[in-house]
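Enquirer: Here it is, the structure, as structure tokens.
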Amino acid sequence: MKTAVADLNFELLIPYDRLEARIKELAHEISTDFKGRNPVVAGILTGSFLFVADMVKNLEIPVEVTFTKLASYFGGTSSTRRIRDDFDLTIDVKGRDIILVEDIVDTGNTLHYLIDKLKVREPASITVCTLLLKPEAIEISIEELKYVGFQIPNEFVVGYGLDYKEQGRGLMGIYRKVNN
Ligand code: 5GP
Ligand code: MG
Ligand code: MG
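Quick look at the structure:
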């Protein structure tokens with residue numbers, strides 16, 4: 001299935017039913033691992049908003065939900081490695097278990113920046129859950145990365161929260177860029 005987003009063409013890589021099934025598995029794993037705790041689920045906007053929503057609906061433990069907003073792509077199809085810090089978490093995370101929820105881990109620069117910033121606040125733990133991971137693109141390994149939905153090839157993707165030029169976030173599936 002092909003679709004145009006702004007001036008590029010994309011084709012379906014992961015349909016929504018597969019995302020949904022995998023998110024249920026991840027939610028169950030996280031619920032088991034954090035049983036008896038009350039973690040802070042911190043979504044990294046904008047790309048993670050649908051993933052956080054579907055994740056939280058399936059968790060079997062009490063959690064607090066909050067967001068921070070960072071940006072690094074700025075309308076292109078590859079990371080600029082510059083991070084713009086748009087807004088911070090509003091919850092005091094001292095002594096708390098933080099689960100960072102990301103749409104996609106690419107170079108690892110964004111998470112490296114955010115984890116360094118949060119460690120200073122002395123949380124009890126920091127764990128990362130990402131829907132997508134591009135193993136071939138990683139430049140900084142993230143030791144806190146524990147939950148991964150899907151490993152994907154090193155290609156630009158949109159849909160299910162992820163954008164190209166701020167378009168395509170509502171697509172119900174992950175789509176990859178095609179070369180034509
Ligand atoms: P990193 O800092 O790991 O290189 O990149 C992290 C951020 O860049 C992600 O959270 C996401 O917002 C954006 N990003 C990385 N790869 C892609 C991609 O293939 N498509 C889109 N739309 N955004 C991406
Ligand atoms: Mg992101
Ligand atoms: Mg973006």
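Position 65 (the sequence shown) corresponds to 65 in the UniProt record's numbering; numbering is contiguous.
Don't be surprised by glycine CBs; every beta carbon is placed ideally from N, CA and C.
1) Candidates D106, V65, M172: which alpha carbon is nearest L100's?
2) Am I right that D86 and L70 are in contact with their C-beta atoms under 8 angstroms? What's the rounded C-beta distance?
3) Per the DSSP calculation, K69 is bridged to which residue(s)?
4) Compute every distance between the C-beta of G47 and the non-hydrogen atoms of ligand 3, then say whether any falls below 7 angstroms.
5) Could you give the DSSP three-state label for T3: helix, strand or coil?
6) Taking 6 angstroms as the limit between beta carbons, can you name the residues of its chain near R22, skipping five residues before and five after?
7) Can you check the stretch 93-158 for any alpha helix (DSSP H) of at least 4 residues that lies completely inside it and give the ranges in chain order?
8) In its own chain, which residues sit with a C-beta less than 7 angstroms from the C-beta of V8, not counting the 5 before and 5 after it?
9) What does a CB cutoff of less than 7 angstroms around I91 pick up in its chain, not counting 5 residues either side in sequence?
10) What are the boundary residues of the alpha helix (DSSP H) that R81 is part of?
11) Report back the beta-carbon spacing between G95 and A124 to the nearest angstrom; my notes put them in contact at under 8 angstroms.
12) Could you give the distance in angstroms between the alpha-carbon of L19 and the alpha-carbon of G173?
13) Verify the contact flag: L26, CB atom, against every heavy atom of ligand 1, threshold strictly below 7 angstroms.
14) Under three-state DSSP, which class holds I174?
15) Closest to L13 by CA distance: which of G161, R169, I152 is it?
Expert: Quick answer:
1) As a working mapping, residue 100 is identified with position 100 in the sequence shown. The residue with the shortest Cα to Cα distance from L100 is V65.
2) Residue mapping note: residue 86 aligns to position 86 of the sequence shown, counting from 1. Residue mapping note: residue 70 aligns to position 70 of the sequence shown, counting from 1. Rounded, the Cβ-Cβ distance is 7 angstroms, consistent with contact.
3) Counted from its first residue, the sequence shown places residue 69 at position 69. Per DSSP, L45, F87.
4) Taking the first residue of the sequence shown as position 1, residue 47 is located at position 47. Yes, ligand 3 has a heavy atom inside 7 angstroms of this Cβ.
5) Here residue 3 is taken as the residue at index 3 of the sequence shown, counted from 1. Reduced to three states, the DSSP call for T3 is strand.
6) Counting from 1 along the sequence shown, the entry for residue 22 is found at position 22. Within the same chain, G149 come within 6 angstroms of R22 by CB-CB distance, once the 5 residues on both sides are set aside.
7) Taking only runs of at least 4 residues, the alpha helix (DSSP H) segments lying wholly in the stretch 93-158 are 109-119.
8) As a working mapping, residue 8 is identified with position 8 in the sequence shown. Strictly speaking, residue 8 in this sequence is Leu, with Val absent from that position. For L8, where only same-chain residues beyond five positions count, the Cβ hits under 7 angstroms are Y164, K177.
9) One-based indexing of the sequence shown puts residue 91 at position 91. Beyond the five residues adjoining it in sequence on each side, I91 comes within less than 7 angstroms, by CB distance, of V40, E64, T66 in the same chain, given in chain order.
10) The count along the sequence shown starts at 1 and reaches residue 81 at position 81. Careful: R81 lies outside any alpha helix (DSSP H) and carries neither H nor E.
11) The residue labelled residue 95 in the question sits at position 95 within the sequence shown. The residue labelled residue 124 in the question sits at position 124 within the sequence shown. The C-beta distance from G95 to A124 rounds to 5 angstroms, short enough to meet the 8 angstroms contact threshold.
12) As a first step, residue 19 is located in the sequence shown; it is residue number 19 there, counting from the start. As a first step, residue 173 is located in the sequence shown; it is residue number 173 there, counting from the start. So the alpha carbons of these two residues sit roughly 7 angstroms apart.
13) Translated into the one-based positions of the sequence shown, residue 26 becomes position 26. Within the chosen limit of 7 angstroms, ligand 1 does not reach the beta carbon of L26 with any heavy atom.
14) In the sequence shown, the residue the question calls residue 174 occupies position 174. I174: strand per DSSP, three-state reduction.
15) Position 13 of the sequence shown, counted from the first residue, corresponds to residue 13. Checked all of G161, R169, I152; the closest Cα to L13 is I152.
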